[in-house]
Structures are given as C-alpha cells and as structure tokens.
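Asks: Residue numbers for the sequence shown follow the UniProt record's numbering, so the first one is 1 and each next one is one higher.
The beta carbon of each residue, even a glycine, is placed where N, CA and C say it ideally should be.
No experiment lies behind these values; they were computed from the predicted model shown.
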Amino acid sequence: MPSESRRAYVALTPNQADFGLRSFNEASTSINTFHVPDEPRPRLRSALDSIQEFFSLNAGLFLVTAAQAVFSLVNVAVKTLQDLDEPVSTLELIIVRMGITYICSVAYMLIQKVPHPFIGPEGVRTLLVFRGVTGFIGLNGTYFSLQYLSLSDVTVLSFLVPICTAMSGSFFLKETFTRKEALAGLCSLFGVVLIARPDFLFGSTGSSPIEDKHRMLAIGIALCGVLGSTGAMTSIRAIGQRAHPMHLLAFFSLQSVIAGSILMVIMREPIIIPTRPEWLGLLAVIGILGFGAQILLTMGFQRETAGRASMALYTQIVFASVLERIFFHTTPTFLSLLGTSIIMSSAIYVAVTKKKNPDAEKPGEDGGSRTDDISLEEGLLRSSKNTENRRDDESPRSSDDSEECWLDSDPPLNGVSR
Numbered sequence: 001m002p003s004e005s006r007r008a009y010v011a012l013t014p015n016q017a018d019f020g021l022r023s024f025n026e027a028s029t030s031i032n033t034f035h036v037p038d039e040p041r042p043r044l045r046s047a048l049d050s051i052q053e054f055f056s057l058n059a060g061l062f063l064v065t066a067a068q069a070v071f072s073l074v075n076v077a078v079k080t081l082q083d084l085d086e087p088v089s090t091l092e093l094i095i096v097r098m099g100i101t102y103i104c105s106v107a108y109m110l111i112q113k114v115p116h117p118f119i120g121p122e123g124v125r126t127l128l129v130f131r132g133v134t135g136f137i138g139l140n141g142t143y144f145s146l147q148y149l150s151l152s153d154v155t156v157l158s159f160l161v162p163i164c165t166a167m168s169g170s171f172f173l174k175e176t177f178t179r180k181e182a183l184a185g186l187c188s189l190f191g192v193v194l195i196a197r198p199d200f201l202f203g204s205t206g207s208s209p210i211e212d213k214h215r216m217l218a219i220g221i222a223l224c225g226v227l228g229s230t231g232a233m234t235s236i237r238a239i240g241q242r243a244h245p246m247h248l249l250a251f252f253s254l255q256s257v258i259a260g261s262i263l264m265v266i267m268r269e270p271i272i273i274p275t276r277p278e279w280l281g282l283l284a285v286i287g288i289l290g291f292g293a294q295i296l297l298t299m300g301f302q303r304e305t306a307g308r309a310s311m312a313l314y315t316q317i318v319f320a321s322v323l324e325r326i327f328f329h330t331t332p333t334f335l336s337l338l339g340t341s342i343i344m345s346s347a348i349y350v351a352v353t354k355k356k357n358p359d360a361e362k363p364g365e366d367g368g369s370r371t372d373d374i375s376l377e378e379g380l381l382r383s384s385k386n387t388e389n390r391r392d393d394e395s396p397r398s399s400d401d402s403e404e405c406w407l408d409s410d411p412p413l414n415g416v417s418r
C-alpha cells in the first residue's frame with residue numbers, strides 16, 4: 001500500500017526540471033568562465049579616461065624624454081668609437097651621422113609623397129634654413145668643447161639650453177612660461193650640477209691641467225653652441241606643424257653635412273675610412289639611432305610649448321648615468337643619486353601640473369575648434385602668414401581648410417597622431 005507521504009516531483013527551478021551533469025571532457029572553449037561587461041565600471045572608466053587625458057596632454061613631453069634616452073645611446077656609441085684605435089674626428093662623425101639622417105629623411109618623404117621634399121613648404125623655408133644653421137652651431141659647439149673641457153663641464157654648459165629655450169619661447173613666441181616651470185628648471189639644473197660636479201665648482205679631480213687659453217676658448221665655443229641649440233629649439237616650435245618633421249630633419253642634416261665638409265677642408269682634417277667591423281657597426285648605430293632621436297625630438301617640440309618641452313631635456317643626464325653604469329661599470333655616488341632624484345621629481349612635477357587650456361576647446365567663427373597651434377604660429381611667423389593668406393585668397397577654399405587638407409596628407413610618424 002503506497003505511503004501518503006510520497007508526493008509527485010515538482011521542479012523548483014522555473015523552466016528547468018532536469019540538471020544534467022556536464023562532461024569534463026568537453027573542449028575548454030565551451031566552458032563559460034566569467035562574463036566581461038561591455039563597458040567598464042564607472043570608476044575604472046574614469047581612471048582610464050584620466051590616464052588617457054594625462055598622456056594626451058603630455059605627449060610632447062614624453063616624446064622629448066624618449067629622444068633623450070635615444071640620444072644617450074648615441075653618446076655611448078660615440079664614446080665607444082672614440083676609445084678605439086685611430087678615433088674618428090668630430091666633424092667626420094657629424095658628416096656620417098647627418099648624411100644617414102638626410103638620406104633617410106628624403107627617402108621617407110619620397111615614399112610617402114610628402115609635398116616639397118627638397119625645398120620645404122612655402123612660408124617656412126627661411127625658418128627651416130635658420131633651424132639647420134643653428135642646429136649645426138649647437139652640435140659642433142658641444143663636440144668641439146669636448147676636446148678641451150671635461151665631460152662634466154660640457155654637460156653643465158649644455159644644460160643651459162632648456163632655460164634659454166624657455167625664455168626665448170616666452171619672448172619671441174609669446175608662450176606661457178610660469179613661475180612653477182621656471183622653478184622646476186632651476187631645480188633640474190641644480191640636479192645636473194650635483195651629477196656632473198664640474199671642476200670649476202667642486203675642484204680639480206686630479207687630471208692634467210688644461211691651458212687657460214684653450215679652456216676659455218672651449219667655454220666660449222660651448223656657449224655659442226648653447227645659443228645655437230636655443231635657436232634650433234625655438235625655430236622648431238615656431239614652425240610648429242606647418243612643416244613635416246622630415247623637412248626639419250632634412251634641412252638640419254643637409255646643412256650639417258655641407259658645413260662639416262667645408263670645415264674639414266679648412267682645418268685639413270684627414271678622412272679616416274673604417275675597416276674594422278666594430279667601426280662600421282658603431283657608425284651605423286650612430287646614424288640610425290641619431291635619426292630616430294631627431295624624429296622624436298622634432299615631434300615633441302612640435303606638440304609642446306618650448307618651456308615645458310625643454311624641461312624634458314634634463315632627463316638625458318639621468319639616462320646617461322644609467323647607461324654609464326651598464327656599459328662602463330661606473331658606480332654612481334650619493335650626489336649623483338640625489339641629482340637624479342631632483343631631476344626626475346622636477347620632470348614629473350612639470351608633467352602633472354599641466355592643465356588643459358579652456359580656450360583650445362572654444363569654437364571658432366567657422367564652427368571649428370581652436371588649437372594652441374594657431375596662436376603659436378604668431379610672432380616669428382607673421383610674415384609667412386601674410387604670404388599664405390595671399391595665396392589662400394586666390395583659392396576657393398578657406399585658409400583653415402587648405403591647411404587641414406595639407407596636414408592630412410602627411411601620415412603620422414611612429415603611430416603618434418598630430
């Protein structure tokens with residue numbers, strides 16, 4: 001007789017009365033682990049937006065910093081090359097490095113069909129020539145002073161460039177140079193002094209004395225190199241994005257090759273043809289890495305104000321100290337570590353204190369958005385603007401449309417968009 005306590009089975013889960021056991025031999029792709037939401041959580045999304053905005057605001061600063069890292073590798077190759085038998089002269093190094101840079105620049109522009117690969121765009125050709133001449137003066141001043149001054153002295157003198165560039169950009173280009181940026185620059189310069197420890201501040205290191213006349217001559221030429229580098233950095237910022245970065249590299253490298261060749265003839269310096277594999281490899285490294293560093297430096301100064309971008313130049317001494325430890329096994333002192341900390345702190349402070357310019361997002365009269373580049377191109381470029389306005393009046397398109405069309409024809413470099 002059946003018991004009254006037995007009841008019919010009733011499914012407690014709606015629409016699913018049978019729970020079959022899944023086999024563990026199924027393919028791993030069929031196992032549902034967890035579900036990723038289509039959109040991140042509000043906090044995560046806010047953090048990602050903040051990080052993206054930070055990198056967007058400081059893109060120029062990061063590009064200049066990357067350029068200093070590559071330049072430090074170039075200096076390691078140059079120092080290694082100078083330690084070999086029959087070292088290559090300074091002018092010959094400049095000619096080889098800039099010759100490779102010019103060939104690569106022109107080849108890129110021809111392949112990508114960049115307008116005016118040899119003479120540059122109309123309206124900024126004078127500034128391109130000025131950039132090339134001043135760039136060679138800065139490069140040659142630094143290399144020449146190394147013959148008569150210690151590396152620490154040359155380092156300190158060369159790091160006058162960031163402050164001079166910031167002042168030049170503020171005076172000629174009417175760019176903003178705040179007291180905070182000036183204070184960060186002075187702190188970075190103090191950090192460089194702690195790392196370099198020049199003889200005229202910390203006393204002689206026991207090396208052989210240098211004749212006073214040669215030392216004063218080298219200091220004078222090094223200061224001329226500082227002025228040349230200042231003019232080069234300011235002209236890059238003045239040109240802005242009106243010229244392709246390869247135009248600036250091509251003009252700089254070509255004029256350096258021409259001037260270096262003329263000086264070699266005048267000074268009767270012999271041409272040393274490398275025969276050892278180490279020579280050829282180091283020369284190739286100097287040319288290729290120097291080309292890449294110039295691209296990063298040019299793109300960085302095109303996207304950032306001269307004052308802020310020049311602050312990133314101080315990071316080269318940090319990279320140089322690290323590479324010197326790796327390749328030449330030099331142990332940094334306490335003052336070097338302290339100076340490195342000061343420089344990095346100043347660079348980080350400059351990066352995090354930048355705020356978005358509200359005027360850059362205000363719509364213009366034509367409904368488009370205003371950018372900092374429009375206001376930047378005033379000052380040194382007034383005469384070139386008048387020339388472009390006359391040319392644009394003859395065209396049915398507006399000046400803004402024609403400029404945007406020309407810029408869009410240039411593809412971004414290294415995945416970094418303008």
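In terms of alpha-carbon separation, which member of Gln316, Ser256, Glu53 lies closest to Phe130?
Replies: Sequence index remark: in the sequence shown, residue 130 carries index 130 (1-based). The residue with the shortest Cα to Cα distance from Phe130 is Ser256.
Asks: Can you tell me where the alpha helix (DSSP H) holding Leu186 begins and where it ends?
Replies: Numbered from its first residue, the sequence shown carries residue 186 at position 186. First-last of the alpha helix (DSSP H) with Leu186: 179-196.
Asks: Which value, in whole angstroms, describes the spacing of the CA atoms of Val350 and Arg276?
Replies: As a position in the sequence shown, residue 350 is number 350, starting the count at 1. As a position in the sequence shown, residue 276 is number 276, starting the count at 1. If you take the alpha carbons of Val350 and Arg276, they lie about 45 Å apart.
Asks: Given Leu183, which residues of its chain have a CB within under 7 Å of its CB, disregarding the five upstream and five downstream residues?
Replies: As a position in the sequence shown, residue 183 is number 183, starting the count at 1. Excluding sequence neighbours, Leu183 sits near nothing in its chain.
Asks: Roughly how many angstroms separate the alpha carbons of Thr126 and Ala312, rounded to a whole number?
Replies: Locating residue 126 in the sequence shown gives position 126, where the first residue counts as 1. Locating residue 312 in the sequence shown gives position 312, where the first residue counts as 1. Their backbone Cα atoms lie some 27 Å apart in a straight line.
Asks: If I follow the unbroken alpha helix (DSSP H) through Glu278, where does it start and stop?
Replies: For this step, residue 278 is matched to residue 278 along the sequence shown. Where Glu278 is concerned, the enclosing alpha helix (DSSP H) stretches over 277-303.
Asks: Once the 5 residues before and after Leu280 are set aside, which same chain residues still bring their CB inside 8 Å of it?
Replies: Here residue 280 corresponds to residue number 280 of the sequence shown, with the count starting at 1. Around Leu280: Pro274.
Asks: With residue 435 as the anchor, note down where its alpha helix (DSSP H) starts and where it stops.
Replies: In the structure as shown, the chain starts at 1 and stops at 418, and residue 435 therefore has no counterpart that could be examined.
Asks: Would you decide whether residue 459 is buried or exposed? Buried here means 16 or more other CB atoms lie within 10 Å of its CB.
Replies: In the structure as shown, the chain begins at 1 and stops at 418. Residue 459 is therefore absent and cannot be evaluated.
Asks: Based on Cα-Cα distance, which residue from Leu189, Gly287, Gly260 lies nearest to Ile342?
Replies: Counting from one through the sequence shown, the residue named residue 342 turns up at place 342. Looking at the Cα atoms, Leu189 is the closest of the given residues.
Asks: Let's test the definition: count the other Cβ atoms within 10 Å of the Cβ of residue 420 and tell me whether it reaches 16, buried, or not, exposed.
Replies: Nothing about residue 420 can be read from this structure; the chain reaches only from 1 to 418.
Asks: Specify, as a first and last residue, the run of the alpha helix (DSSP H) that Phe171 falls within.
Replies: One-based indexing of the sequence shown puts residue 171 at position 171. Start and end: 161-172.
Asks: Between Leu282 and Ala77, is the Cβ-Cβ spacing less than 7 Å?
Replies: Residue numbering aside, residue 282 sits at position 282 when the sequence shown is read from its first letter. Residue numbering aside, residue 77 sits at position 77 when the sequence shown is read from its first letter. Against a cut-off of 7 Å, the Cβ pair of Ala77 and Leu282 comes out as a contact.
Asks: Output the distance between the C-alpha atoms of Gln112 and Leu249, rounded to the nearest integer angstrom.
Replies: Stepping through the sequence shown from its first residue, residue 112 is reached at position 112. Stepping through the sequence shown from its first residue, residue 249 is reached at position 249. In a straight line, the C-alpha of Gln112 is about 15 Å away from that of Leu249.
Asks: On a Cα-Cα basis, can you pick out the residue from Ala347, Leu335, Leu323, Thr333 that is closest to Arg75?
Replies: Sequence index remark: in the sequence shown, residue 75 carries index 75 (1-based). Going by the sequence as given, residue 75 is Asn instead of Arg. Comparing Cα-Cα distances from Asn75 to each of Ala347, Leu335, Leu323, Thr333, the minimum goes to Leu323.
Asks: Indicate the three-state DSSP secondary structure (helix, strand or coil) for Leu149 in the structure shown.
Replies: Taking the first residue of the sequence shown as position 1, residue 149 is located at position 149. Note: Leu149 maps to coil in three-state DSSP.
Asks: Using the Cα positions of Val106 and Met246, report the straight-line distance between them to the nearest angstrom.
Replies: Residue 106 sits at position 106 when you count from the first residue of the sequence shown. Residue 246 sits at position 246 when you count from the first residue of the sequence shown. Each residue's Cα considered, the two are about 7 Å apart.
Asks: Taking only three categories from DSSP, how would you classify Pro245?
Replies: Numbered from 1 along the sequence shown, position 245 holds the residue referred to as residue 245. Residue state, collapsed to three classes: helix.
Asks: Nearest to Phe338 by CA position, among Phe71, Ile100, Leu194, is which residue?
Replies: The sequence position of residue 338 within the sequence shown is 338, counting from 1. Note that residue 338 is Leu in the sequence shown, not Phe. When each option's Cα is compared against that of Leu338, the closest is Leu194.
Asks: Using a Cβ-Cβ cutoff of less than 7 Å, which residues in the same chain neighbour Phe319 once the five nearest sequence positions on both sides are dropped?
Replies: Stepping through the sequence shown from its first residue, residue 319 is reached at position 319. Gln68, Ala69, Ser72, listed in sequence order.
Asks: Does the Cβ of Ser56 have 16 or more other Cβ atoms within 10 Å, making it buried, or fewer, making it exposed?
Replies: Along the sequence shown, one-based indexing puts residue 56 at 56. It counts as exposed.
Asks: How close, in whole Å, do the beta carbons of Leu296 and Ala66 come, if the pair is a contact with beta carbons under 8 Å?
Replies: Indexing the sequence shown from 1 puts residue 296 at position 296. Indexing the sequence shown from 1 puts residue 66 at position 66. The pair is a contact, with the Cβ atoms about 5 Å apart (cut-off 8 Å).
Asks: For Leu335, I'd like the list of residues in its chain whose CB is within less than 8 Å of its CB, leaving aside the five on either flank, ordered along the chain.
Replies: Residue mapping note: residue 335 aligns to position 335 of the sequence shown, counting from 1. Closer than 8 Å at Cβ, skipping near neighbours: Leu194, Ile195, Arg197.
Asks: With a 10 Å radius around its C-beta and 16 neighbouring C-beta atoms as the bar for buried, classify Gly203 as buried or exposed.
Replies: For this step, residue 203 is matched to residue 203 along the sequence shown. So Gly203 counts as exposed.
Asks: By alpha-carbon positions, which one of Val133, Gly228, Leu128, Glu122 ends up nearest to Pro162?
Replies: Locating residue 162 in the sequence shown gives position 162, where the first residue counts as 1. Measuring from the Cα of Pro162, the nearest candidate turns out to be Gly228.
Asks: Please state whether the Cβ-Cβ distance between Thr353 and Ser253 is less than 7 Å.
Replies: As a position in the sequence shown, residue 353 is number 353, starting the count at 1. As a position in the sequence shown, residue 253 is number 253, starting the count at 1. Cβ distance not < 7 Å, so Thr353 and Ser253 don't count as in contact.
Asks: State the DSSP-derived secondary structure class of Glu53, mapped to helix, strand or coil.
Replies: Numbered from 1 along the sequence shown, position 53 holds the residue referred to as residue 53. Glu53 falls in the helix class under three-state DSSP.
Asks: Hey, is the region 261-274 in contact with the region 166-183, meaning 3+ C-beta pairs nearer than 8 Å?
Replies: Contact between the region 261-274 and the region 166-183 is absent, because fewer than three Cβ pairs lie under 8 Å.
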